[in-house]
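Heads up, the sequence shown is in the numbering used here, so the first residue is 3 and it goes up one at a time.
By construction, the Cβ of each residue, glycine as well, lies at the ideal position given by its N, Cα and C atoms.
Read through the structure below, which is laid out as structure tokens, and then see the notes.
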Amino acid sequence: AVKAGTYSLFAIPNKDNWTIIINSKINSWGAYSYEVAKDVVRTDVPVKTLAASVEALAMIFTKTDNGANLNIGWDTVSVALPITIK
3 AVKAGTYSLF AIPNKDNWTI IINSKINSWG AYSYEVAKDV VRTDVPVKTL AASVEALAMI
63 FTKTDNGANL NIGWDTVSVA LPITIK
């Protein structure tokens with residue numbers, strides 16, 4: 003579970019899945035000062051191939067029965083990070 007707050011979001015893209023990282027270190031530019039010890043959540047999500055290309059990196063929330071999905075898309079791939087709200 004992730005407590006309400008402000009976090010950094012990182013992604014490590016791979017062919018079949020992306021590792022999505024929620025990190026407690028904020029106010030950093032890029033990943034230059036990334037600290038693995040500050041990871042709150044690290045999870046792998048499967049890659050889906052898109053029918054059409056996404057020109058610029060896009061992040062969109064879609065509502066689900068239990069919360070939302072954070073959909074991240076770029077070029078011809080997308081991933082969905084499920085978020086459950088309790």
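Sorted by chain position, which residues of the same chain lie with C-beta nearer than 8 Å to residue i's C-beta, five sequence neighbours on each side aside?
i          : result
residue 71 : 63, 64, 82, 83, 84 and 85
residue 37 : 25 and 27
residue 9  : 24, 25, 26, 28 and 42
residue 88 : 3
residue 16 : 49
residue 11 : 22, 23, 24 and 25
Going by DSSP, what residue range makes up the beta strand (DSSP E) through residue i?
i          : result
residue 25 : 19-25
residue 70 : 69-86
residue 14 : 10-15
Just to confirm before moving on: does the CB-CB distance between residue i and residue j stay below 8 Å?
i          : j          : result
residue 21 : residue 46 : yes
Can you find the residues in the same chain that come closer than 7 Å, C-beta to C-beta, to residue i, ignoring five residues on each side of it along the sequence?
i          : result
residue 78 : 51, 52 and 55
residue 44 : 21 and 23
When burial is assigned at 16 or more other CB atoms within 10 Å of the CB, is residue i buried or exposed?
i          : result
residue 30 : exposed
residue 80 : buried
residue 74 : buried
**OP:** Go through the stretch 34-64 residue by residue and report every complete run of the beta strand (DSSP E) that reaches 3 residues or more, in order.
**Re:** 41-48
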